[in-house]
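Counting in the working numbering, the sequence shown runs from 3 upward without gaps. Right, one structure below, let's go through it.
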Amino acid sequence: MKSTISVGITGMGSSIPDKVVTNDDLSKIVDTSDEWIRTRSGIRERRIVDENTATSDLCTEAAKKALIDANVNAKDIDLIIVATVTADMAFPSTACIVQKNIEATNAAAFDMSVGCSGFLYGVATGANFIKAGVYKKVLVIGAEVLSKILDWEDRSTCVLFGDGAGACILEECNDGYGILSYDLGADGKSGHLLTQPAGGSRMPASHKTIDERLHYVHMEGKEVFKSAVRVMESTSLQALKKANMELEDIDFLIPHQANERIIKSAAKRLKISDDRVYMNLDKYGNMSSASIPIALDEAYRNGLIKKGDILLLVAFGAGFTWASVILKWEK
Ligand code: UT7
3 MKSTISVGIT GMGSSIPDKV VTNDDLSKIV DTSDEWIRTR SGIRERRIVD ENTATSDLCT
63 EAAKKALIDA NVNAKDIDLI IVATVTADMA FPSTACIVQK NIEATNAAAF DMSVGCSGFL
123 YGVATGANFI KAGVYKKVLV IGAEVLSKIL DWEDRSTCVL FGDGAGACIL EECNDGYGIL
183 SYDLGADGKS GHLLTQPAGG SRMPASHKTI DERLHYVHME GKEVFKSAVR VMESTSLQAL
243 KKANMELEDI DFLIPHQANE RIIKSAAKRL KISDDRVYMN LDKYGNMSSA SIPIALDEAY
303 RNGLIKKGDI LLLVAFGAGF TWASVILKWE K
């Protein structure tokens, strides 16, 4: 039987490290320039954590802010989902560390490894627990400390990424608001184009894997670029179809913040004008699963989105994976 429960975002919060690293800073450590990074990606600077900060620390700050924004007590959270590819450690999960930190003693908790699409996969998963009548309040966090898995000698990757966390609280909302539809997908055949090869059971950590720099991000940028533009269009159209909506119904596109050229190409294909596309990658770079919740939190706090606006959130990333969510904003 189809659920009649509508689920929406009732609170948001984010955490961004203080330390700013500019393109000029990077040009001192690798053979690159502000001009190359800006024109190829749109990025001007990114935020990087200090050596003592891990993903769960950013998650905890973002989660506390989201709880306050939603006026929800941590003890009332039923489930915590953390989407990340930079967990504090292989296990326990980062979600369990957050559960301890915020004292959400009644919550179940798990991590999701979905690359940059992780936050939207998390939102879809959390919403379904509420729709099924199993849980009432779910905390979903997208968080990454990518700076610790970047090869700072590889100019083709280290200039692109940044650290951050964004969190939301999902709860039942008024009928007709909240998540109107979503589309999730994956293509494991293309997974090799974006990987952190070593450190798992296929290639456990050894002196050899460290010498060969296999614990860092490896990416075939050009191939990822081409797939990203295609898939952002197709998943958006799928979500629109499921919501029985047209492209003209979308007030704002909040895309994964990987590359300005990818976002503009996808928006052009979708015929969404630049003034309806939210971008902040110039300040933060690509924060993988944290990009969308931080962008959404910023757009909401800056008063750009208002009650009743229809938002299209769309992401692609490692796996490959993709996801889109159509949301009628109720806050
Ligand atoms: O979140 C999902 C994950 N990632 C992405 O979405 C990234 C998708 N890909 C991209 O954003 C783009 O492909 C990049 C920004 C990574 C690269 O842009 P591109 O236009 O595809 O450049 P390219 O990789 O074809 O490289 C062009 C040239 C190469 O030199 P040659 O072979 O033409 O002599 C690179 O070696 O630029 C060189 N290059 C650089 N030069 C200065 C690569 N990185 C740099 C750099 N600074 N940082």
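Using N, Cα and C, we set each Cβ at its ideal position, and we do this for glycine too.
Practice prompt. For A92, count neighbouring C-beta atoms within 10 Å of its own C-beta (all shown protein chains included) and say buried if the count is 16 or more, exposed if not.
Written response: exposed
Discussion item. Going residue by residue through the stretch 38-94, where are the continuous alpha helix (DSSP H) segments of at least 4 residues, counting only ones entirely within it?
Written reply: 57-72
Worksheet item: Under 7 Å from any heavy atom of the ligand UT7, does the C-beta of L162 make it?
Response: yes
Practice prompt. Within its chain, find whatever has a CB closer than 6 Å to the CB of T197; leave out the 5 residues flanking it on each side and keep chain order.
Written response: H220
Worksheet item: How is K228 classed by DSSP in three states: helix, strand or coil?
Response: helix
Worksheet item: Just reading off the alpha helix (DSSP H) that L104 is part of, what are its end residues?
Response: The sequence as given places Ile at residue 104; Leu does not occur at that position. That run of the alpha helix (DSSP H) goes 96-104.
Worksheet entry | Of the listed residues G321, R232, A260, F163, nearest to A188 (C-alpha basis) | G321
Fill in: beta-carbon V87 near the ligand UT7 non-hydrogen atom, thresh 7 Å
Incorrect: V87 has no Cβ contact closer than 7 Å to the ligand UT7.
Worksheet item: So, using beta-carbon positions, are S95 and D71 closer together than 8 Å?
Response: no
Worksheet item: So is the beta-carbon of V22 under 7 Å away from any non-hydrogen atom of the ligand UT7?
Response: In this structure, V22 has its beta carbon at no less than 7 Å from each heavy atom of the ligand UT7.
Discussion item. If distances are taken between C-alpha atoms only, which option among G13, L69, G201, F131 comes closest to I371?
Written reply: Residue 371 is absent from the structure shown; the chain starts at 3 and stops at 333.
Worksheet entry | Three-state secondary structure assigned by DSSP to H209 | helix
Practice prompt. Spell out the partners DSSP gives A169 in its beta bridges.
Written response: G15, I143
Fill in: heavy atom of the ligand UT7 below 7 Å from A260 C-beta
yes
Worksheet item: Which of the three DSSP states, helix, strand or coil, is assigned to F131?
Response: F131 sits in a helix when the DSSP states are folded into three classes.
Worksheet entry | Of the listed residues S275, V327, K333, E332, nearest to G124 (C-alpha basis) | V327
Worksheet entry | For T237, the three-state DSSP class (helix, strand or coil) | helix
Worksheet entry | Residue interval of the beta strand (DSSP E) (run including P257) | Per DSSP, the unbroken beta strand (DSSP E) holding P257 starts and ends at 254-257.
Worksheet item: Where do the N-terminal and C-terminal ends of the beta strand (DSSP E) with Y184 fall, by residue?
Response: Judged by DSSP secondary structure, Y184 falls within the beta strand (DSSP E) whose first and last residues are 180-188.
Worksheet item: Taking the DSSP output, what are the residues bridged to S326?
Response: D185, V316
Worksheet item: Is S8 helix, strand or coil when you go by DSSP?
Response: strand
Discussion item. Taking the beta carbon of T41 as the centre, do at least 16 other beta carbons fall within 10 Å, making it buried, or is it exposed?
Written reply: exposed
Practice prompt. Could you check what DSSP says for A200 in three-state terms: helix, strand or coil?
Written response: coil
Worksheet item: By how many angstroms is the C-alpha of G166 removed from the C-alpha of T86?
Response: 11 Å
Worksheet item: Start and end of the alpha helix (DSSP H) containing T159?
Response: Segment 157-160, the alpha helix (DSSP H) holding T159.
Worksheet item: Alpha carbon to alpha carbon, what distance is there between V226 and G342?
Response: Lying before the first or after the last residue shown, residue 342 is absent from the chain, which here runs from 3 to 333.
Discussion item. Assuming D284 is part of the alpha helix (DSSP H), what are its boundary residues?
Written reply: 283-286
Worksheet item: Buried or exposed: which applies to L141, given that a residue is buried once 16 or more other Cβ atoms fall within 10 Å of its Cβ?
Response: buried
Worksheet item: Under a three-way DSSP split, which group does H217 fall into?
Response: coil
Discussion item. Rounded to the nearest angstrom, what separates L122 and T211 at their Cα positions?
Written reply: Between the C-alpha atoms of L122 and T211 there is a straight-line separation of about 32 Å.
Discussion item. Whether or not the stretch 45-59 and the stretch 161-177 are in contact is what I'm after, with contact meaning three or more pairs of Cβ atoms, one per stretch, closer than 8 Å; do they touch?
Written reply: Contact between the stretch 161-177 and the stretch 45-59 is present, with at least three C-beta pairs closer than 8 Å.
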